[in-house]
Amino acid sequence: MKYVQNILISLVLLTGLVACEKELPVYESTVCQLNFKYGTANLTTDEVTEEMRIRSHSFVLNSGEGVMIDTVWVKVTSMGYLSDTNRTIELQQLSTGKQDAVAGKHYVSFDDPELKSRYYFLPANRPEVEIPIVVKRDPSLLRMEMSA
């Protein structure tokens, strides 16, 4: 009988220890960030490869003959609280120093007034939006030596 009583007391104590949970702080960061969605998968930062980060567009493979301008749609999601107002999105090209695309020649500049006013914002109370990257087919692209 004492053996059963000791087991029951041990189980009660063990349950009490396991049931206790540390109280987590309330999420209160006002900093909002933007995440790029890669395909349909929800990937962590560690799972995104360098190949996924570098997005390319081929007029030969993706556009019809004679198409001189095309659009690549990129899905972005916000991280943080939703806002009651539209929030602007600003994109910036990072130069590598070799075969960099030239704004106005190879793509429509990210500070183009029409793109900024029509597309480069996260609508109020929405966590996700698709934004366009407008690419141009310039004759200089035919002469460029491509590297893998």
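Residue 103 in the working numbering sits at position 83 of the sequence shown, and the numbers go up by one each step.
Cβ coordinates follow ideal geometry from the N, Cα and C atoms, glycine included.
Just so you know, these numbers come straight off a predicted model, no measurement behind them.
- Note on Y101: under 16 other CB atoms within 10 angstroms of its CB, so exposed under the neighbour-count rule.
- Check the Cα spacing between E110 and each of K125, R138, L161, V68: the tightest is with R138.
- Ranking Q112, R146, H126, S30 by CA distance to the CA of S98 puts R146 first.
- Looking from the CA of R157, the closest CA among V96, E85, V149, V94 belongs to E85.
- By the 16-neighbour rule on beta-carbons within 10 angstroms, I151 is buried.
- Secondary structure within the stretch 79-112: the beta strand (DSSP E) runs of 3 or more consecutive residues, fully enclosed, are 89-99 (chain order).
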